[in-house]
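See below for the structure under consideration.
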Amino acid sequence: MNPSSATAVLGPARRATPEPGEEGEPVRSGVELEPEEPPGWRELIPPDTLHSLPKSQVKRQEVISELLVTEAAHVRMLRVLQDLFYQPMANGGFFPPEELQNIFPSLDELIEVHSLFLDRLMKRRQESGYVIEEIGDVLLARFDGAEGHWFQKISSRFCSRQSFALEQLKAKQRREPRFCAFVQEAESRPRCRRLQLKDMIPTEMQRLTKYPLLLQSIGQNTEEPAEREKVEQAAECCREILHHVNQAVRDMEDLLRLKDYQRRLDLSHLKQSSDPMLSEFKNLDITKRKLVHEGPLTWRVTKDKAVEVHVLLLDDLLLLLQRQDDRLLLKSHSRTLTPTPDGKTMLRPVLRLTSAMTREVATDHKAFYVIFTWDQEAQIYELVAQTVSERKNWCNLITETAGSLKVPAPASRPKPRPSPSSTREPLLSSSENGNGGSREMSPADGRIERTLSTLLPFCRPGPEGQLAAKALQKVLSLKQLLVPSEEDSGAGPPPEGDGVPGGGPRSPTQTQEIREELLSLEETIKQLEEVEEEFCRLRLVLSQLGENTVSQPGCT
Numbered sequence: 007m008n009p010s011s012a013t014a015v016l017g018p019a020r021r022a023t024p025e026p027g028e029e030g031e032p033v034r035s036g037v038e039l040e041p042e043e044p045p046g047w048r049e050l051i052p053p054d055t056l057h058s059l060p061k062s063q064v065k066r067q068e069v070i071s072e073l074l075v076t077e078a079a080h081v082r083m084l085r086v087l088q089d090l091f092y093q094p095m096a097n098g099g100f101f102p103p104e105e106l107q108n109i110f111p112s113l114d115e116l117i118e119v120h121s122l123f124l125d126r127l128m129k130r131r132q133e134s135g136y137v138i139e140e141i142g143d144v145l146l147a148r149f150d151g152a153e154g155h156w157f158q159k160i161s162s163r164f165c166s167r168q169s170f171a172l173e174q175l176k177a178k179q180r181r182e183p184r185f186c187a188f189v190q191e192a193e194s195r196p197r198c199r200r201l202q203l204k205d206m207i208p209t210e211m212q213r214l215t216k217y218p219l220l221l222q223s224i225g226q227n228t229e230e231p232a233e234r235e236k237v238e239q240a241a242e243c244c245r246e247i248l249h250h251v252n253q254a255v256r257d258m259e260d261l262l263r264l265k266d267y268q269r270r271l272d273l274s275h276l277k278q279s280s281d282p283m284l285s286e287f288k289n290l291d292i293t294k295r296k297l298v299h300e301g302p303l304t305w306r307v308t309k310d311k312a313v314e315v316h317v318l319l320l321d322d323l324l325l326l327l328q329r330q331d332d333r334l335l336l337k338s339h340s341r342t343l344t345p346t347p348d349g350k351t352m353l354r355p356v357l358r359l360t361s362a363m364t365r366e367v368a369t370d371h372k373a374f375y376v377i378f379t380w381d382q383e384a385q386i387y388e389l390v391a392q393t394v395s396e397r398k399n400w401c402n403l404i405t406e407t408a409g410s411l412k413v414p415a416p417a418s419r420p421k422p423r424p425s426p427s428s429t430r431e432p433l434l435s436s437s438e439n440g441n442g443g444s445r446e447m448s449p450a451d452g453r454i455e456r457t458l459s460t461l462l463p464f465c466r467p468g469p470e471g472q473l474a475a476k477a478l479q480k481v482l483s484l485k486q487l488l489v490p491s492e493e494d495s496g497a498g499p500p501p502e503g504d505g506v507p508g509g510g511p512r513s514p515t516q517t518q519e520i521r522e523e524l525l526s527l528e529e530t531i532k533q534l535e536e537v538e539e540e541f542c543r544l545r546l547v548l549s550q551l552g553e554n555t556v557s558q559p560g561c562t
């Protein structure tokens with residue numbers, strides 16, 4: 007075979023005869039016909055040449071041929087989408103132009119990009135004959151630099167909207183018999199090769215997942231170092247493009263879900279609430295936020311009250327949604343902490359994560375606490391997942407999301423150094439809301455929670471533990487100034503009647519040092535007094551906690 011023969015290397019450029027039209031339909035012009043798929047590498051190479059090549063070279067050429075053949079098939083599929091679906095839908099007025107653009111975004115640009123890549127591959131095969139030695143430059147020209155960035159942009163645009171496109175097309179077929187008949191007729195054409203429209207929409211995403219595998223295989227079977235480096239660089243570019251497109255797909259799917267939730271969101275309870283903490287959420291728009299995680303949880307409001315909620319973890323909020331028919335309610339719930347009339351607290355369904363922390367529930371491995379603090383107030387929510395792994399995932403995601411927020415809450419303080427018991431038990435030692443614990447919960451448990459909320463401001467590290475040592479150091483410094491050691495003043499006691507330890511008057515420098523040390527000691531003692539006052543308040547709170555727990559069986 008003559009390598010310069012384009013027909014021998016590439017195969018025929020177009021079908022021998024045009025595809026006949028349907029009855030009453032004119033025969034389609036040549037512009038609607040796609041090129042024949044190029045032949046495989048083994049169909050072109052003479053047997054004696056094939057047997058003379060090393061196995062790695064044979065494998066390399068086969069993968070390059072697969073890249074070329076599958077690229078041609080992909081271009082053909084994109085043209086089917088354009089010729090049999092996109093253009094007829096536009097001409098038939100099935101969708102408004104802007105809506106049709108959202109169903110087939112950047113389709114023309116994708117066809118142009120993939121066709122150009124295919125032309126370069128075909129040209130390289132034509133120039134090289136049976137064995138393509140260099141392919142790395144062609145791959146980098148497609149996937150790296152400005153061309154690669156443009157390809158990433160248009161493929162992200164197309165792939166990110168494929169879920170929206172499939173849903174829109176499916177809904178249109180249900181609503182309009184005429185559109186349903188049009189789709190069925192188009193799918194019956196030979197060019198569709200028995201594929202349905204819903205099978206063709208994801209074709210671009212499928213192609214993107216194939217590129218890294220093909221290029222990696224080419225690189226593994228390339229011996230020349232410089233060429234191998236180019237191919238591996240192109241493969242890495244493909245992986246980066248795929249990662250970017252996958253993220254764009256996830257972001258768009260999350261946005262579509264948030265739009266659906268926003269449409270169903272019922273804010274009536276928030277708008278009627280007089281709670282000042284909820285005033286900023288009366289016109290809540292969750293579509294302006296990022297969805298981190300979602301799922302069903304059980305919200306244990308009290309011992310006798312549990313609410314099934316669908317929880318949305320956004321980039322700065324935690325939403326507890328109650329399903330009611332097709333609506334999603336944001337509804338506060340009250341919980342009685344003390345038997346007095348003013349002993350109720352409102353648990354809000356919208357919570358900012360800037361001060362959030364999570365803790366396990368000792369008596370239920372599927373449950374966890376989420377604790378929120380504002381100034382001197384704290385609220386504790388008990389949520390139950392369906393499995394232990396889900397509980398762990400929720401705790402990790404809430405902690406990570408809260409930690410990523412740049413603006414800390416005013417009352418959010420670092421955790422204190424844990425005691426041996428606190429490393430084994432959660433913040434609350436028993437299930438407040440009746441989850442099968444070993445003992446019955448008393449009405450005083452509400453006061454326990456309130457007391458624990460009062461304790462939260464004390465949970466902070468600080469220099470208090472160093473104040474006593476600092477004061478002692480000041481005393482030792484003064485002692486050295488006022489009563490010198492035996493090494494400084496001799497082995498015997500000071501002379502009687504002198505009045506000055508050490509046997510002589512103090513110098514002005516010594517007097518100034520003593521004055522500074524006394525002032526510093528005075529300041530340290532004042533700080534110790536503040537710690538003592540705080541300790542008294544803490545002891546009072548702990549005594550209240552003791553009163554609540556003394557009457558409960560099993561407590562000492």
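In my numbering, the protein residues as written are 7 to 562.
Each residue gets a CB set at the ideal place from its N, CA and C atoms; glycine is no exception.
Since the model is a prediction, treat every value here as computed from it, not as a measurement.
Three-state secondary structure (DSSP) of residue 362: coil
If I measure Cβ to Cβ from residue 391 and keep anything under 7 Å in the same chain, skipping five residues before and after, which residues do I get? 303, 372, 397 and 400
Cutting at 7 Å between CB atoms, please list the residues of its own chain near residue 248, excluding the five before and the five after it. Within the same chain, residue 248 has close Cβ partners 214, 215 and 218.
Hey, could you find the ends of the beta strand (DSSP E) residue 312 is sitting in? 312 to 320
By the three-class DSSP mapping on this structure, what secondary structure does residue 110 have? coil
Where does residue 514 land, buried or exposed, given buried means 16+ other C-beta within 10 angstroms? exposed
Quick check on residue 298: does DSSP put it in helix, strand or coil? It is a strand residue.
Among the residues of its own chain, which have a CB less than 8 Å from the CB of residue 90, if the five just before and after it don't count? 192, 195, 197 and 198
Assuming contact is defined by CB atoms lying nearer than 9 Å, are residue 290 and residue 319 in contact in what I supplied? no
Exposed unless 16 or more other CB atoms sit within 10 angstroms - verdict on residue 81: buried
Can you tell me where the beta strand (DSSP E) with residue 323 in it begins and where it stops? 323 to 330
Sort 223, 308 and 185 by Cα distance to residue 69 and report the nearest one. 223
Buried or exposed: residue 156, going by 16 or more other Cβ atoms within 10 Å of its Cβ? exposed
Checking 9 Å against the spacing of the C-beta atoms, do residue 389 and residue 317 come in under that value? yes
Residue 328 versus residue 212: straight-line alpha-carbon distance, rounded: In this structure, the CA atom of residue 328 is about 38 Å from the CA atom of residue 212.
CA-to-CA distance, residue 258 to residue 395, given in whole angstroms: 27 Å
So, helix, strand or coil for residue 372, using DSSP? Strand at residue 372.
Rounded to the nearest angstrom, what separates residue 529 and residue 517 at their Cα positions? Approximately 19 Å between the Cα atoms of the pair.
Residue range of the beta strand (DSSP E) that residue 333 falls in? Residues 333 to 335.
Rounded C-alpha distance that separates residue 279 from residue 353: 12 Å
Does the distance between the C-beta of residue 405 and the nearest non-hydrogen atom of the ligand SAH fall short of 8 Å? Absence of the ligand SAH from the depicted structure is noted, as is the absence of any ligand whatsoever, leaving it without description.
Residue range of the unbroken alpha helix (DSSP H) whose run includes residue 78: 61 to 86
Reduced DSSP category for residue 340 - H, G, I as helix; E, B as strand; rest coil: Here residue 340 sits in strand by DSSP.
DSSP state of residue 136 mapped onto helix, strand, coil: It is coil, neither helix nor strand.
Going straight from the alpha carbon of residue 141 to that of residue 119, what length do you get? Residue 119 has its alpha-carbon roughly 18 Å from the corresponding atom of residue 141.
Could you give the DSSP three-state label for residue 238: helix, strand or coil? helix
Mapping the DSSP letters down to three states, classify residue 278 as helix, strand or coil. The DSSP-derived three-state label of residue 278 is helix.
Close Cβ partners of residue 240 (< 7 Å) along its chain, the five nearest in sequence each way excluded: 142, 145, 146, 149, 150 and 221
For residue 274, which option in 244, 250, 233 and 335 has the closest C-alpha, if you only look at C-alpha atoms? 335
With residue 401 as the anchor, note down where its alpha helix (DSSP H) starts and where it stops. 394 to 410
State buried or exposed for residue 78, treating a residue as buried only when at least 16 other CB atoms are found within 10 Å of its CB. buried
If you pair each beta-carbon of the stretch 182 to 190 with each one of the stretch 126 to 136, do three or more pairs fall below 8 Å? no
Apart from the five residues on each side of it in sequence, which residues of its chain come closer than 6 Å, Cβ to Cβ, to residue 154? 243
Could you give the distance in angstroms between the alpha-carbon of residue 72 and the alpha-carbon of residue 122? 17 Å
Is the beta carbon of residue 379 less than 9 Å from the beta carbon of residue 322? no
At what residues does the alpha helix (DSSP H) containing residue 165 begin and finish? 151 to 166
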